[in-house]
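Have a look at the structure below before the remarks.
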Amino acid sequence: MTPWLRRHGHRIFHPLAGADTATLAKVLRDGGGVGPLHLHRVATALGAAAIRAPLDLLERRRVTGLVGQGRAAGPPPLFILGHWRSGTTHLLNLLAQDARFAAPDPLAVGLPWGFLGLNSFWRARLEEWLPPDRIIDAMPVDPTSPQEDELALALMQPLSYYHGIFFPRHLHRAFRQGVLFEGCRPEAIALWRRRMDHYLNKMQIQCGERRLLIKNPAHTPKLAELLALRPDAVFVHIHRDPYEVFSSTRRMLLTLLREFSLQSYDPRAVDDLVLDLYPAMMARFNRDRALLPPGRLVEIRYDRFVADPLETLTGIYDGLDLGSFAPVQPKMERYLASVRDYRRARHDLEDPARRAVRRRWAFAFDRWGY
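In this note's numbering, the protein residues as written are 98 to 467.
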């Protein structure tokens with residue numbers, strides 16, 4: 098496959114090509130139309146869903162049977178929480194160096210209904226279409242790169258902020274519903290719970306006795322939901338300088354809209370969305386963290402993590418009783434050496450935006466001393 102096609106494969110096979118027919122029909126019906134330049138992407142998604150439907154149904158029944166046999170039992174999962182662009186990916190990549198952990202790979206999030214049944218031939222063919230990096234930044238992607246689970250959930254049911262990226266006429270609504278469950282019907286939330294449980298079970302079946310490693314900023318305000326599904330789960334929350342978080346998140350969302358939107362959009366809508374969402378996310382998180390007994394949550398600062406990652410990781414392992422850190426330290430040191438030359442983008446904010454961040458995200462400055 099040519100480098101150009103790898104880079105632009107998502108313009109042919111949109112992420113929605115991994116959705117089931119019911120989810121695809123729902124999001125298309127509620128999305129408010131598709132631009133004429135994107136009709137081929139929707140046609141590909143519809144065709145892929147129809148072709149996969151019987152195989153996905155067989156896999157779903159197989160998973161249900163394996164769960165009934167106790168094959169989905171495993172250690173308490175570890176969830177990485179924090180706002181977008183707070184360092185969650187860097188933390189995920191480091192923890193994933195520990196062979197005792199297992200995170201979703203690109204095909205597990207891009208084909209959530211059928212990844213267990215992929216044989217080596219089809220896995221290799223599909224992996225050829227993986228982009229060389231994350232598109233939103235220069236972080237490389239390969240078939241084993243750990244991924245967050247939000248795209249998988251977006252392809253299994255309608256509540257996900259990704260549907261606001263795909264259909265930005267409803268950008269604010271999709272984010273508020275997908276991240277906060279705001280204004281959602283009870284049956285929609287119940288469906289999200291069932292799909293999340295199903296996906297966690299599938300991942301545990303795939304990884305055996307290893308501990309699931311799940312990273313997703315959208316899970317930050319869903320602490321109570323995660324505990325209801327996995328009462329023994331443990332958590333790491335990472336936070337970062339608010340100015341950096343805002344400017345980097347704004348750039349990320351504009352990039353995602355440019356690459357994956359199926360409609361025209363107004364880029365000016367992004368700033369208010371980001372400014373409004375973070376306080377609401379943290380209000381939910383702070384309310385529900387009281388549900389956790391001691392030893393189930395560790396909070397870290399991004400700047401200190403980057404300055405001394407090994408000390409921070411040692412604190413996470415000790416704080417959550419994850420086992421000895423010493424055996425995996427050499428592998429993490431090698432990973433850190435491999436990304437030493439990675440250049441983090443600088444994000445300079447104009448004065449009006451800085452004032453808005455300082456005013457509307459005052460909680461972050463006050464609580465964490467930024």
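Beta carbons: idealized from backbone N, C-alpha and C, even for Gly. This structure is a prediction, so every number in the text was calculated from the model and none was measured.
Would you mind reading off the limits of the beta strand (DSSP E) that contains residue i?
i, result
"His267", "Element bounds for His267: n/a, residue is neither H nor E."
"Pro175", "Pro is not the amino acid found at residue 175; the sequence shown has Leu there. 175–178 is the span of the beta strand (DSSP E), which, as asked, contains Leu175."
"Arg398", "394–398"
"Val206", "Not the beta strand (DSSP E): Val206 falls in the alpha helix (DSSP H), residues 203–207."
With DSSP run on the structure shown, which of helix, strand or coil describes residue i?
i, result
"Pro151", "helix"
"Ile302", "helix"
"Arg290", "helix"
"Ile262", "helix"
"Leu215", "coil"
"Pro237", "strand"
"Ala387", "helix"
"Ile413", "helix"
"Val331", "strand"
"Ala199", "strand"
"Leu252", "coil"
"Leu419", "coil"
"Asp246", "coil"
"His111", "coil"
"Asp369", "helix"
"Leu191", "helix"
"Leu309", "strand"
"Ile448", "The displayed chain sequence assigns Asp, not Ile, to residue 448. Helix."
"Asp483", "Residue 483 lies beyond the range of the chain shown here (98 to 467); nothing can be said about it."
"Asp127", "helix"
Alpha carbon to alpha carbon, what distance is there between residue j and residue i?
i, j, result
"Ile109", "Lys123", "21 Å"
"Met379", "Ala459", "12 Å"
"Ser421", "Tyr414", "7 Å"
"Leu394", "Met349", "27 Å"
"Asp230", "Pro237", "4 Å"
"Ala114", "Gln244", "18 Å"
"Ala146", "Arg126", "16 Å"
"Leu208", "Asp448", "43 Å"
"Lys319", "Val276", "8 Å"
"Leu256", "Phe278", "8 Å"
"Phe212", "Thr185", "24 Å"
"Gly392", "Pro265", "40 Å"
"Leu248", "Met300", "14 Å"
"Ser345", "Arg182", "6 Å"
"Asp329", "Pro173", "5 Å"
"Phe402", "Gly412", "10 Å"
"Ala205", "Val436", "24 Å"
"Tyr66", "Leu152", "Absent from the structure is residue 66, since the part of the chain shown begins at 98 and ends at 467."
Can you tell me whether residue i is buried or exposed? The criterion is at least 16 other CB atoms within 10 Å of its CB, across all chains shown.
i, result
"Thr99", "exposed"
"Ile148", "exposed"
"Asn216", "exposed"
"Arg547", "Outside the shown range of the chain (98 to 467) lies residue 547, about which nothing can therefore be said."
"Val454", "buried"
"Asp363", "exposed"
"Asn383", "exposed"
"Trp210", "buried"
"Gln166", "exposed"
"Ala221", "exposed"
Ends of the alpha helix (DSSP H) at residue i?
i, result
"His135", "Element bounds for His135: n/a, residue is neither H nor E."
"His316", "Premise fails: His316 is in no alpha helix (DSSP H) and is neither H nor E."
"Met349", "339–357"
"Met429", "426–435"
"Thr465", "Thr is not the amino acid found at residue 465; the sequence shown has Trp there. Segment 459–465, the alpha helix (DSSP H) holding Trp465."
Between which residues of its own chain and residue i is the CB-CB distance below 6 Å, once the five residues before and five after are set aside?
i, result
"Tyr432", "Gln194"
"Pro240", "Glu224"
"Met429", "Leu191, Gln194"
"Val425", "Asp195"
"His334", "Leu178, Gly179, Glu396"
Kindly list the residues whose CB is nearer than 8 Å to the CB of residue i, restricted to its own chain and excluding five residues on each side of it in sequence; keep chain order.
i, result
"Ala150", "Asp117, Thr118"
"Arg64", "The structure shown does not extend to residue 64, since the chain is modelled only from 98 to 467, so the question has no answer here."
"Cys304", "Gly171, Ala199"
"Gly261", "His267, Leu268, His269, Arg270, Ala271, Phe272, Gly275"
"Thr141", "Ile109, Phe110, His111, Ala114"
"His107", "Pro228, Ile232, Glu356, Phe357"
Keeping to the same chain, check which residues put their C-beta closer than 7 Å to that of residue i; ignore five residues upstream and five downstream.
i, result
"Val164", "Asn298"
"Arg197", "Arg307, Arg308, Gly420"
"Tyr340", "Leu446, Arg451, Val454"
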